[in-house]
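Numbering (the working numbering), first residue to last: 165 to 269.
Written below as structure tokens is the structure these notes are about.
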């Protein structure tokens, strides 16, 4: 996860998560798998495309290397920002229809 201070080591500090990230990066040959405009091409981070917070999965599921995508810092920030935006919008209340637009009986 990319943090506000620009670091990405907040969750990756355990030996198991470092091993999962290393496996993901080696499997992708350190090439970014997302390729947004401005991509550096060299993967240095591992991204959860479906986000643990979005799916409600356990922290242990973060170690599943089949659910990780190798990505550069630039693309990872874009993807994480998009996940965050979707998460915030999910909690917004749906607006009620305007009374003048309700069907009449």
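Ideal placement from N, C-alpha and C gives every residue a C-beta, glycine not left out.
Because the structure is a prediction, the values reported are computed rather than measured.
| Query | Result |
| --- | --- |
| Are the CB atoms of residue 243 and residue 235 nearer to each other than 8 angstroms? | yes |
| To the nearest angstrom, report how far apart residue 171 and residue 268 are at their CA atoms. | Note that residue 171 scores 48 on pLDDT, short of 50, meaning its location in the model is unreliable; the coordinates nonetheless yield the value given after this. About 56 angstroms. |
| Applying the 10 Å Cβ sphere with the 16-neighbour rule, what's the burial state of residue 209? | buried |
| Under DSSP, the alpha helix (DSSP H) around residue 242 begins and ends at which residues? | 237-254 |
| Excluding the 5 residues preceding and the 5 following residue 258 in the sequence, name in chain order all residues of the same chain whose CB lies nearer than 7 angstroms to its CB. | none |
| Given this structure, state the Cα-to-Cα distance separating residue 178 from residue 254, to the nearest angstrom. | 30 angstroms |
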